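Numbers 5 to 246, taken from the working numbering, label the letters of the sequence shown in order.
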Amino acid sequence: PNAKYPDISDKPDDTILGLMELPYWLLGNFATVAEARQALKSVNVYSYVVPFLKEVPTIHFPIHDATGDSIVIEFIDGEMHIWDNEVGVCTNSPSYPWHTTNLRNYINLNALNAGKTTLDGSVLQQTGQGTGMLGIPGDWTPPSRFVRIALFKDFLTQPKTAAKGINAALHLLNTVDFPFGDVREGEKSSTFDYTQWAVVKDLTHKKLYFRTYDDLNTRTFESPTLSDGAPRTSTPSSPSPR
């Protein structure tokens, strides 16, 4: 919500790119994050009211490639910023650098269970599994979700196959999944924020996996080799629990 887009009124026309066209431009012209990072220096992105949203979207863009390289594009105080995404995580506001600084508040957390301790002569036993993560934030705010995914991803046993990687990614996403009704705009509001769908992308094998709120079965799409005049296909989904 703190996004503020550049003023492009004095910029050359051939450098101007619409906000919602940015993903198409990046995906259609560049094979790697390194190529995209260099090309972004020559464009000026402008914002506008998107008809189907009926508003100017306040968004940012995480970009990844098959090598594991990643950046985050954010628009702050009228300027486009490109951050190297060394943590490999992106949630919503505040800005990406704020989130990485906030991680310093949780350097004491780890995957190892805490042992028993003695307090004034009394022996205190651990309450169960997971005591190494005591204190990790469990709410739905973007900072808390950033911390959870960053730490869980780091401690995760590295998958050895693509299938195990997809499975691990879906389990990580489960830790930040909004159940319907847990996040509301107000006491009398009918507006709920919830996880309508989850997507996992295998950039090596060009496969996209997704599931929706009402259907936790994961569906897979393989990226075909498209040609001019190729037929367009669609698959129905059910993102709403109503």
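Built from N, CA and C at the ideal position, the CB exists for glycine as well.
Owing to the predicted nature of the structure, the values given are computational and were not obtained by experimental measurement.
- For Val151, no beta strand (DSSP E) segment is defined; the enclosing uninterrupted segment is the alpha helix (DSSP H) at Pro146 to Phe159.
- In the DSSP assignment, His68 falls within the unbroken beta strand (DSSP E) covering Phe65 to His68.
- For Gln130, same chain residues with a beta-carbon under 8 Å away, outside a window of 5 residues either side, are Asn117, Ala118, Gly119 and Lys120 in chain order.
- In this structure, the beta-carbon distance from His85 to Ser97 does not fall below 9 Å.
- For Ala7, there is no enclosing alpha helix (DSSP H), since its DSSP letter is neither H nor E.
- The three-state reading of DSSP puts Thr122 in strand, counting E and B together.
- Look at Lys211 here: in three-state DSSP terms it is strand.
- Sixteen is the threshold: since fewer than 16 other Cβ atoms of the shown chains lie within 10 Å of the Cβ of Tyr52, the residue is exposed.
- Around the beta carbon of Glu83, fewer than 16 other beta carbons lie within 10 angstroms, which makes this residue exposed.
- Cβ-Cβ separation between Thr208 and Ala70: approximately 5 Å, consistent with a contact (criterion under 8 Å).
- The straight-line gap separating the alpha-carbon atoms of Asn112 and Met137 is approximately 9 Å.
- Proximity to Arg188 across Gly22, Trp87, Thr145 and Pro235 peaks at Thr145, based on C-alpha coordinates.
- By the beta-carbon neighbour count (other beta carbons within 10 angstroms, threshold 16), Val151 is buried.
- Less than 9 Å separates the beta-carbon of Leu177 from that of Ala202.
- According to the DSSP secondary-structure assignment, Val37 is paired through a beta bridge with no residue.
- In this structure, Gly22 and Tyr50 form a Cβ contact; the two beta carbons are roughly 6 Å apart against a cut-off of 8 Å.
- At the C-beta level, His68 and Lys205 come within 9 Å of one another.
- For Asn48, the enclosing beta strand (DSSP E) covers residues Asn48 to Tyr50.
- Cα atoms of Asn221 and Arg215: separation of roughly 6 Å, rounded to the nearest angstrom.
- Shown here for Asp11: same chain residues with a beta carbon closer than 7 Å to its own, the five before and five after excluded, namely Gly82 in chain order.
- Non-local C-beta neighbours of Pro5 in its own chain, meaning closer than 7 Å and more than five positions away in sequence, comprise Thr62 and Ser97, ordered along the chain.
- According to the DSSP assignment, Lys205 belongs to the beta strand (DSSP E) that extends over Trp201 to Asp206.
- Beyond the five residues adjoining it in sequence on each side, Trp87 comes within less than 6 Å, by CB distance, of Val76 and Tyr100 in the same chain, given in chain order.
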